[in-house]
Structures are given as C-alpha cells and as structure tokens.
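Going by numbering that gives the first Met the number 0, 239 is the number at position 240 of the sequence shown; the sequence numbering is gapless.
Notes follow the structure.
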Amino acid sequence: MDRDSSELSSASSAPSEELDDHVTDNLSGLSEAELEGLGVRCAARPSLVYNAKNARTAARNSANRAQEHMWSSDMLVRHLNMLKSFASPNVAGAQLWTDAFLFRVKAMLDCTDNGLVLSLQQFLDVPVHSKTVLSGFVAYALFMGPKDLTEQYFPSSDLRLERNRDGLCLFIDEAEETDVPLKCFLPQTVGKMFAGMKAMEKDFIRGGLTNGHNWMFIILEADASGTGAVYHYTDEFSLLASINPIPYSSASLKPSPLKERCDVVAAVISGWVEKSHCKLDKSDVFTYGAVEEERNEEETLEYIGAE
C-alpha cells in the first residue's frame, strides 16, 4: 500500500503494521467460494421468510409516519412514478430510486431523538483475519446514534466505521447491473457487511441489496468461533411487478399497488436501521426460515388433530 502513516490511523481505513504482508481481497469481485474461504457461509436454511401479517402492519405504520414532511409516503410514490418515465433504466438511474427511499427514511426517523448520517460510497479497508484485508466501497452506509455522536461527522468528511462503534449502521449496496438477478451480487454485499461488522466490532449487522426496482435484505451474524459469520437473506422483492410469485403471491403484495410495496420497503429500511445490530424479533417483516417452517408444521398438526 502506498499511503503515508497519517492515513493508516484506523483499523477500518487501513490494516495495522503487523499486516504488511497481508492479502487484500477486492470486495467488488468477491465470489461465494472466496466468501466461504473467509469463514462466511450461508445459513443451512438460507432465506428469511416474508411475514404477511407483520408486513401489512408495517406498511400502515410506515405510511402514517411523517405525513406532513415533504418526503411523505405519498410524495415517495409520486417521485418514483415520475422516475419510471424520466430516469434511464441503468445503474445510474437506479441510484435515484434508492436515494428517494433514503430521503423517505430520513423523514420517518427525524421524529426520534437520534441523529442520522448518510455516507455515500463508504470506503472499506478492513483486516478480517490475520493476513486478509477486505477492500472496496459500499454504496450507502446509514449511521444512526445520539445526536452528539452523529454530529461529529460534520463538517469533517471522515466517516470511518470504527467511529460509530457505539451507534448503529445499516449497509445498502447497489447491484453493478440492473438486468441480472440480485443474488448474483450477494457475495460482494455480504463481504462488505462482514468487513463492516469487523470494523465496528459487532456480532450482527443488517443490510440491503438493490438495483433500484428490486430489493433483497440480509442479516449477517458472527459464528460461534468469533472469526467467521453466517448470513441469512430474503427472496428478491420487486416494487413494480412480481418476478417471483413465491412467497409474495400469498403475502397480499401481489398485485398490490406500488404505494404498499414502497411503504413495506421504507418500513424495513427504517426499522432495520434502528435494530441494525440485533436478531430479528416477532415484529419484523421477515422471520428466520426454520422458525417459519416449525410454525407451519405446528399449524398442520393442529389442523390434523382437529379432524
């Protein structure tokens, strides 16, 4: 690395001197095999399962928040409808969709006592193992914490992750292409979340992956060894049309209007910022797959018993 010592002051922006012979992995090209080599694996039951009842509640609550704000729920939908026939359907155009959701989330969270800071193209250069450093950029890092904590970021442009160890952070990454399934970019996004989790010394981190029109949500948690991690992810969720009717066809979101879908996504993003470093709870829009399957089995047994 060709930087002077003044630029090597933090663990998240550069490795320590003990790692002069480290191997740097570029996060933008990280493969699933390379991710597994770092000790990061997909859960045995990979998907986070959509909870229709919680989603309907979340959508209603989301729509009611910050109604008087410029970025109300209705404003978000009007803005996205405008973009559909105005912005080019490429990666640059997709960023405008993501930006709009973050403006909406900012409005929703303004009523809390916490401060909110959005970092664009957050740089990551994080030692994750004794001789391995993950380096690259995540499209959006949303920091949340007490106002005296978040105010330290301004007017400085230094948004090093380790400065937010006492706060909350949600990563949202953008797919490098808009016409391929989001899952193709999952290893890179999970790798960035792993780097962020290590930099902030967290056991859990939540994140999202989007191409503007479609979304996936991800939870990464440290494994028992403390060196690796396990990730869970949702199915791909489309704002405009159902690209995969399961599970959304049974979840009252097909053929629901754009507004309801937007309210759900805004609810997930805002809720996940506030719970960014903990497991899912009973109020979340998603639940762990194994839990949902056990619930379905119990309901089936109850039904059979009733007969």
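Backbone N, C-alpha and C define an ideal beta-carbon position, used for all residues, glycine too.
If we ignore side chains and look at the alpha-carbon of each, how far apart do Phe285 and Gly211 end up?
Looking at the two C-alpha atoms, the distance is approximately 20 Å.
Have a look at Trp271, Ser275, Leu117 and flag the residue whose alpha-carbon is nearest the alpha-carbon of Ser61.
When the alpha-carbon of Ser61 is set against those of Trp271, Ser275, Leu117, the nearest one is in Trp271.
Quick check on DSSP: helix, strand or coil for Cys41?
Strand, per DSSP.
Report the rounded CA-to-CA distance for Pro88 versus His128, giving the unit in angstroms.
Linking Pro88 to His128 through their CA atoms gives a straight-line distance of about 39 Å.
Which whole-angstrom value is the C-beta distance of Ser46 and Gly288, which I expect to be below 8 Å?
Right, their Cβ atoms sit about 5 Å apart.
Taking the beta strand (DSSP E) that Gln121 falls in, what are its first and last residues?
Counting along the chain, Gln121 sits inside the beta strand (DSSP E) bounded by residues 113-128.
Short check: CB of Gly92 to CB of Ala99, under 7 Å?
Taking 7 Å as the Cβ cut-off, Gly92 and Ala99 do not qualify as a contacting pair.
What first and last residue would you give for the alpha helix (DSSP H) that runs through Asn213?
First-last for Asn213: 213-221, but that is the beta strand (DSSP E), not the alpha helix (DSSP H).
Checking 7 Å against the spacing of the C-beta atoms, do Leu123 and Leu115 come in under that value?
Taking 7 Å as the Cβ cut-off, Leu123 and Leu115 do not qualify as a contacting pair.
Cα separation between Met192 and Ser71?
Cα to Cα, the separation comes out at about 29 Å.
Helix, strand or coil: which one does DSSP assign to Met192?
Three-state DSSP puts Met192 in a helix.
Quick check: is the beta carbon of Asp280 nearer than 7 Å to any beta carbon in chain C?
Going by chain labels, chain C is absent from the structure shown, which holds only one protein chain.
Can you check whether the CB of Val189 is closer than 7 Å to the CB of Arg40?
When the beta-carbon positions are compared, Arg40 and Val189 stay at least 7 Å from each other.
Residue of Asn213, Ala42, Arg77 minimising C-alpha distance to Glu176
Looking at the Cα atoms, Asn213 is the closest of the given residues.
Based on the DSSP output, what are the partners of Ile204 in its beta bridges?
Bridge partners of Ile204: Leu219.
How long is the line joining the alpha carbons of Ala266 and Arg103, rounded to whole angstroms?
Distance between the alpha carbons of Ala266 and Arg103: 10 Å.
Per DSSP, what are the beta-bridge partners of Pro145 in this structure?
Per DSSP, the beta bridge partners of Pro145 are Asn113.
Would Leu37 and Gln187 be called neighbours here (beta carbons separated by less than 7 Å)?
Taking 7 Å as the Cβ cut-off, Leu37 and Gln187 do not qualify as a contacting pair.
Residue range of the unbroken alpha helix (DSSP H) whose run includes Cys261
Element bounds for Cys261: 257-273.
Do you know offhand how far Cys168's Cα is from Lys258's?
Between Cys168 and Lys258, the C-alpha separation is close to 26 Å.
For Leu160, which residues in the same chain have their Cβ closer than 8 Å to its Cβ, ignoring the five residues on either side in sequence?
Excluding sequence neighbours, Leu160 sits near Ser11, Gln121, Leu123, Val125, Ala140, Cys168, Gly195, Ala198, Met199.
Taking its Cβ as the centre, do 16 or more other Cβ atoms sit within 10 Å of Lys281, making it buried, or is it exposed?
Result: exposed.
Count the other CB atoms, across all protein chains shown, that sit within 10 Å of the CB of Arg260; report buried if there are 16 or more and exposed otherwise.
Taking a 10 Å sphere around the C-beta of Arg260, we find 16 or more other C-beta atoms and assign the residue as buried.
Does DSSP put His21 in a helix, a strand or coil?
Confidence is the limiting factor: at His21 the pLDDT is only 49, short of 50, which leaves the residue's position unreliable and the question unanswerable from this model.
Counting only the same chain and skipping the five closest in sequence on each side, list residues whose C-beta sits under 8 Å from that of Glu150.
Gly114.
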